[in-house]
Every structure is written in C-alpha cells, then in structure tokens.
C-alpha cells in the first residue's frame, strides 16, 4: 500500500522524478544492449592526455577543449585514479541534457498522464534521432546537446513581464530575477563552449534567434525593462565565453605552445577544410619545390605522417595554408554550388556528400514540427508564428550555407545542429499550445486545458499523434543502424585491442604507427580504466610536434620522431597489412640512409590487421664529409 505521505512526496517532486525515470530507462537500455564507444580516435587521444596515458601524468592542457574544463577533468583523474573520468563526464553531459529537456517539458502537462505521455514521446524521439550518438560518443556532439538543453531551458522559462519576476525591490530589479532563473541556460552554454568552442559558436546565432523569439512575445515588446532582461542574459553568456577564452589563452601563453597552435591552426585549415588535391605533390609540384620540399616530404604531408620531418613546422604549414586559400579560396564551393547542395539536403537527395537515410529522421521531425506550428497558428490565430519561422529559417539557412561552402559538414556537426533546431521548434510549439503562449501559463492550465472548436483538429491531439507517428517511424531504422555500426566497430576494434595488449606486454619498446592505419580504430569508454604511460604514438596527427608529443618522446629518450626511427633500438613501426612503406624508405633514402623494414608480428587478419615491423635496419649510412 502506498501511504498518503508517499503520495504527497511524489506529487511534490513529480516533475523531477518522471524525467529521471525515463532518462534512466534510456541509459539502462543503451548500456545493457550496447557498450559505450568513443566515436573517433580523437576522443581516445583526449582521454589519454587527461588520464596520463599519453605522457605518463594527467595533463591539464588537452588542446581540443578549453583549459578550465581540461584542468578540472585532469584533477578528477588525479583524485580517482581512473581514465573513466572523461567518458563519465561525456555521458553525464549527454544524458543530463536530455533529462533537463524532459524536466522543462513537465510544465506543459498538468496531470500525471499528460506528463508521462510527454516523457514517453520525447524519449522515443530522442532515441530515434540520437541513439547512435548516445552509444558512440563524440565530444562535439556532446557540446551540441549541452547547447540544445541551454536554449530549450531559456525558451521554456517564464516571460520577463510575468509577476514572478517582481522582487521586493520592485520591477526595476526584476531583470536580476530573470537572469537568475536563466542562469542554468547560461551555464549550459558556457560548458558547451568549454568542451567544444567551435560548436557553441556555431549555435550562438540560433541562441540569438531564440532570444528574439521570446522577447517578441512580450507585451509590450520594446521597454527598457525587457531590454535589461534579454540583453543581460545574452551578455552573461558572452562574458562566460570570454572568460573561458581568456583563461585558455593565458594557459597556452608560452612560446612553445604559441608556436604549436600556429601549426595546429594551419594544419586544420589544410586537412579539414581543403580538398585532398592540395596535398598532392605532383599536382602542386612548382609550389612545393619553391618551399624546398621534395616528393618524399610531399608524401609525408599527404599521408599525414609529417611528424617525421622536423622541417615541416608552423611557418611552412602556414605557407601551405595560404597557398590552399589562394588556390581554392576561403570557401571551397561557389555560392551557386552551395545553394544547390543546401536545396538537395532539404530534399534529402541521395548520392551526394551526405547519407540521405541518416539525415531523413532529423528532416522528418523538423518538418513535422514546422507543420504543427503552422497548424497551431491557423487554428489559434497566431500570426506571430510566421515571422518567427521566417527568422529561424533565415538563420538556419545562413549557418548551413556556411558549413556547405566550407566543405565541412560531418555528422558530428550536422546532427547536433539539427537537434538544436528541433528543440527550438518544439519549445516554440509548446509555448503556442499553452493558453497565452507563456510558459508560466502552462503551470496553471497545461496542455490538457486547450480547447478548440474543431474537435478533431485540436492542436494538442494532432501534435501528439503526428510526433508519435514520426517517432515510431524513425526508431526502428535508427536502432537497426546502431546495431549494424556496433557490430562493425566490434569487428574493427578487435585488431586495436590485440595491438594494445601486445604493446603492454612489451613495455620496454616504443611503437610508432602510421596515422591512417589506425584512424578507423576507436575504443570502449569503460574498458580498463588504466592511467599508466602508453608505449605507443602516431607519426603525425593533430597533436604532432606539440609540447605534449615532445614530452612523450623525451620519456622514452628521444628528441624527435625521426631520431626515434633512425636510432632507436627498441622502436618499432606499425602499419596496416598490405600497405607499402615506400614513402618511409624513400624519405630516408633521399637523405642518404638506406633502410629496410622487416615484419616481426602480424596482428589481426592478413587483409585488415596491423604489422609490427622490426627496428628499421640500416643498409647504408649517409656519407660523412
């Protein structure tokens, strides 16, 4: 029997308990049916840096995330002595973001049945849209989910002019109350920025649109009080972002770090935003020759193993970056091409540079919400929806055009962007389904109180039905895709697991891997929790030539990768089976040292495994004068 005291307790905390139960259900489903993976080897490397696997000690400078957050996570590693810290943090952020969205939705249901249905509907949509990202976790996506939760929290909060914003000091101080009630949204946006600044900066224009939406629903609109409220909240976000950036700049203020980031930024421009033809020596021979590079150095640049050559530094990479912009421009595509590709994305046209089947659930959900908003506007005579949708559509088009023109729309960017768009439209729909379009009205009447003379066209019923159909239609496909990808990851990573075990069984050796031979590997987030120095590294990549990379080499007694390969007696080369090593032997041969690589061990399948090569055998040394 349930006591009256227990009933009162549940009623008091219902809005907290129901979202928690549904979030835990989603968490249990993903953890029991699957196992969490880092989506990319970028996250694995970030984890290794924070956990001390890379250099031997937990590092507070993670390169990719901003220093305040990186410092906090490295301190937690020192306290708990486990590499799980980073993975737990990402999972908490992702499921925490979903929980906050569910929690804020509870104010739009008065009765328990309505709240349960809201939680169920939203959980099904989240699973249908984001299941792969909940299983294969990537920090850029996590940042986007934090930003989505922050924007949703702001949109579903009380209006600035509501009586609840009045303080004892009077209305003139109500903006302080407004800022306090939106402090969670501010903190979520700042945390998203600290985790992945580029992602949050991309979402910032949409956050501005959300602010304009809500401000435009105030009555009256243009008052000094409203300006204090809305400009004040946005200013708090900007201050948080500025403080994060300033502290990060100070943390990386030394000369060696400044030099590395020159290289890092130029490398990012060349490898991430330009076509592969820029790095082909034969097609750009005149330019590379003018820099004093030969075809063997060009091969190192093309296969991303440029860490071997000490002459490929920040100054040289900046020249390559400048050349790439001169040849291809800042944008990789023309405006006409961009417009056509943007239209193709909206139409979900298959066969282009995106997976139409993967994009479909997001587009379908977004389209359903837009239709529901228009229907609600028509039935409830809310013409304001039109200008809000136009502002939203204009800003989304600008953002998508920018990404398309820059040749940079991977799923880890497009999917969180879609998610933010969806939660914005959902929040707007919630506001219009309440009596007066204000969130505080939901607590008084809720969605169940909405009445419409067109019984069968009641916006609440239509919304629930259409979104339920959408969720049930996309969930099976998403689940099947997640199962398929999980099986593929398990197969691919058997080789990586075997290789790591092999490295650990020979701690006296240092293993240096070809970059693209290992790029497809990821790692289970909660595999072993070890925080010991790993005796392996890459011959290139985004961390190459950094102070951290130099620190790692120094731990093994070497000053550079080139020295380790040439002079190291216990240094072994790792490359994919079947891959030619001509790029390496030709490079050293061009410099007078003739080498031979002999296979010592094959890990994994003959066609998809890794080869551990013996220390490079010197056939002849350079002539000394």
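Residue numbers (the working numbering): 231 to 855. The beta-carbon is built from N, C-alpha and C at its ideal position, and this holds for glycine as well.
For residue 833, the number of other beta carbons within 10 angstroms of its own is at least 16, and it is reported as buried.
Taking a contact as a CB-CB distance under 8 Å, the pair residue 256 and residue 709 does not count as one, their CB atoms being some 13 Å apart.
Between the stretch 711-726 and the stretch 237-251 there are fewer than three inter-stretch CB-CB distances shorter than 8 Å, so the stretches are not counted as touching. Separation of residue 374 and residue 652 (C-alpha to C-alpha, rounded to the nearest whole angstrom) is 12 Å.
Residue 482 holds the alpha-carbon nearest to the alpha-carbon of residue 290 among 482, 355, 693. Taking C-beta atoms as the reference points, residue 457 and residue 385 fail to come closer than 7 Å. Beta-bridge partners of residue 741 (DSSP): 766, 802. By alpha-carbon distance to residue 524, the top candidate from 740, 819, 252, 600 is 819. Inter-residue distance for residue 632 and residue 293 is about 25 Å (C-alpha atoms, whole angstroms).
Judged by DSSP in its simplified three-state form, residue 697 adopts helix.
Bridge partners of residue 847 according to DSSP: 826.
Taking a contact to require three or more Cβ pairs closer than 8 Å, the stretch 693-707 and the stretch 413-429 do not qualify as touching. Taking residue 802 as reference, the option from 808, 831, 821 with the minimal CA-CA separation is 831. Between the alpha carbons of residue 408 and residue 658 lies a gap of roughly 19 Å.
Contact check for residue 643 against residue 358 fails: the beta carbons are separated by 7 Å or more. Burial state of residue 849 is exposed, judged by a 10 Å Cβ sphere holding fewer than 16 other Cβ atoms. The three-state secondary structure of residue 499, taken from DSSP, is helix.
Pairing residue 488 with residue 479, the inter-Cα distance amounts to about 9 Å. Judged by beta-carbon spacing, residue 277 lies beyond the 7 Å limit of residue 300, meaning their Cβ atoms are not closer than that value.
Counting every other CB atom within 10 Å of its CB across the protein chains shown gives residue 444 a total of 16 or more, marking it as buried. Proximity to residue 477 across 787, 297, 275, 789 peaks at 297, based on C-alpha coordinates. Cβ-Cβ distances below 7 Å link residue 701 to 351, 354, 355, 358 in the same chain, with the five nearest sequence neighbours on each side left out; the list follows chain order. Leaving aside the five residues that flank residue 741 on each side, the residues in its chain whose CB is nearer than 6 Å to its CB run, in chain order, 733, 766, 802, 804. Counting C-beta pairs with one atom in each stretch, the stretch 607-615 and the stretch 323-338 have fewer than three that are closer than 8 Å, which means they do not touch. In this chain, the alpha helix (DSSP H) harbouring residue 344 covers 342-365. By the Cβ neighbour-count rule, residue 789 is exposed, with fewer than 16 other Cβ atoms within 10 Å of its own. In the same chain as residue 745, and ignoring 5 residues on each side of it, the C-beta atoms closer than 8 Å to its own belong to 533, 534, 535, 768, 769, 770, 771, in chain order. DSSP places residue 566 within a helical segment (H, G or I) once states are collapsed to three. In the DSSP assignment, residue 788 is bridged to no other residue. Judged by DSSP in its simplified three-state form, residue 641 adopts helix. Beta-bridge partners assigned by DSSP to residue 832: 841.
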